[in-house]
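First up is the structure itself, then whatever we jot down about it.
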Amino acid sequence: MSRNSRLELVTLYPHDPTTFRTPSQEDSRPDTFIRFGPTDRRKDAAQLTVPFFDAQTVAPFPSTWFSGIELFHKGQAGSGGFLGLKVITYDLSRHMEVTDHDQIDVNFNNLHRK
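Each residue of the sequence shown is one higher than the one before, starting from 143 at the first, in our numbering.
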C-alpha cells in the first residue's frame, strides 16, 4: 500500500475566525489537508466547529472559461480559519494572433459623431 505524501495543516488552539480584525491570509500549500474540529476549550468552551466556509463570490471579471477549481485554507495564528474556493481561468492568449498595433490607423474622434 502506498503512503500518502500529503501533510496536515494544523491549527493550534483555534478560535472563532470572525473575531479577528486583521484579514486572513492564505496559509495552505499544495498537497495539504486540514481536519474539522472544535475551537479551543479555554477560549470559548469548544462551541464552534472550524474551519468555517468562506461564502464570498468567486467569479472572474470579465467572464471566461475555467480550467480548474482549488479549495484552500486561509487564516492566521490562533484562528480556526476559513475554507475558500479559488478558480483558475483558461489562458486564451496562446490561441490569439498578435497584431502589430503600430500599423493600425483608426480615427476615434469620428466614431461617436452623428
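Virtual Cβ for every residue (Gly too), placed ideally from N, Cα, C.
Quick caveat: nothing in here was measured; it's all calculated off a predicted structure.
Would you kindly report the start and end of the unbroken beta strand (DSSP E) that includes residue i?
i      : result
Thr231 : 224-231
Leu213 : 208-217
CB residue i to CB residue j, shorter than 9 angstroms?
i      : j      : result
Phe224 : Ser147 : no
Phe214 : Thr231 : no
Thr191 : Phe178 : yes
Leu154 : Asp169 : no
Asp182 : Pro156 : yes
Taking the C-alpha atoms as reference points, what is the distance between residue i and residue j?
i      : j      : result
Gly217 : Met238 : 39 angstroms
Leu93  : Thr160 : No statement about residue 93 is possible, as the shown extent of the chain runs from 143 to 256 and does not include it.
Pro172 : Phe195 : 19 angstroms
Phe175 : Pro193 : 12 angstroms
Arg236 : Val200 : 24 angstroms
Would you mind working out which of the options sits nearest residue i, comparing C-alpha positions?
i      : options                        : result
Gln198 : Thr174, Leu227, Ala219, Gln189 : Leu227
Thr206 : Arg184, Thr181, Val229         : Val229
Identify, in the order they occur along the chain, each residue of the same chain with its Cβ nearer than 7 angstroms to the Cβ of residue i, setting aside the five sequence neighbours on each side.
i      : result
Phe162 : Gln218, Ser221
Taking the alpha helix (DSSP H) that residue i belongs to, which residues open and close that run?
i      : result
Arg184 : 183-186
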